[in-house]
């Protein structure tokens with residue numbers, strides 16, 4: 424594969440804030456551990472991190488900040504993105520600027 428993505432957890436959109444936070448932290452641990460192993464033998468593959476946090480702005484922001492601090496080759500937006508297209512558009516409208524180099 425040209426691009427690999429580490430294991431992450433996809434919780435349902437209706438879980439509690441505490442359960443969502445635990446899930447995000449678990450995914451971050453798995454992603455960091457996977458990246459460490461990947462960097463030992465890259466084999467011409469890119470590794471992308473998966474941003475999580477559901478519709479929670481604080482958790483999504485923390486996920487972007489943490490994962491962009493690590494040397495991943497790219498990023499995917501995962502987890503619950505809302506029930507409707509309008510929720511997805513709202514999520515992307517405030518989250519995408521967080522990826523800009525000068526913003527990090």
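Numbering (this note's numbering), first residue to last: 424 to 527.
A virtual CB, placed ideally from N, CA and C, is assigned to each residue, including glycine.
How do the stretch 446-464 and the stretch 510-526 stand: do at least 3 beta-carbon pairs fall below 8 Å, yes or no?
Because the criterion of three Cβ pairs below 8 Å is not met, the stretch 446-464 and the stretch 510-526 do not touch.
Let me check understanding here. Comparing Cα to Cα, which of 451, 454, 475 and 456 lies closest to residue 518?
Ranking the options by Cα distance to residue 518, first place goes to 475.
Between 459, 433 and 467, which lies nearest to residue 449 when the distance is taken from Cα to Cα?
Nearest C-alpha to residue 449: 433.
Report the rounded CA-to-CA distance for residue 442 versus residue 436, giving the unit in angstroms.
If I take the Cα positions, the gap works out to 11 Å.
Please work out which residues of its chain come closer than 7 Å, Cβ to Cβ, to residue 501, disregarding the five sequence neighbours upstream and downstream, and give them in chain order.
Closer than 7 Å at Cβ, skipping near neighbours: 431, 433, 473, 474 and 475.
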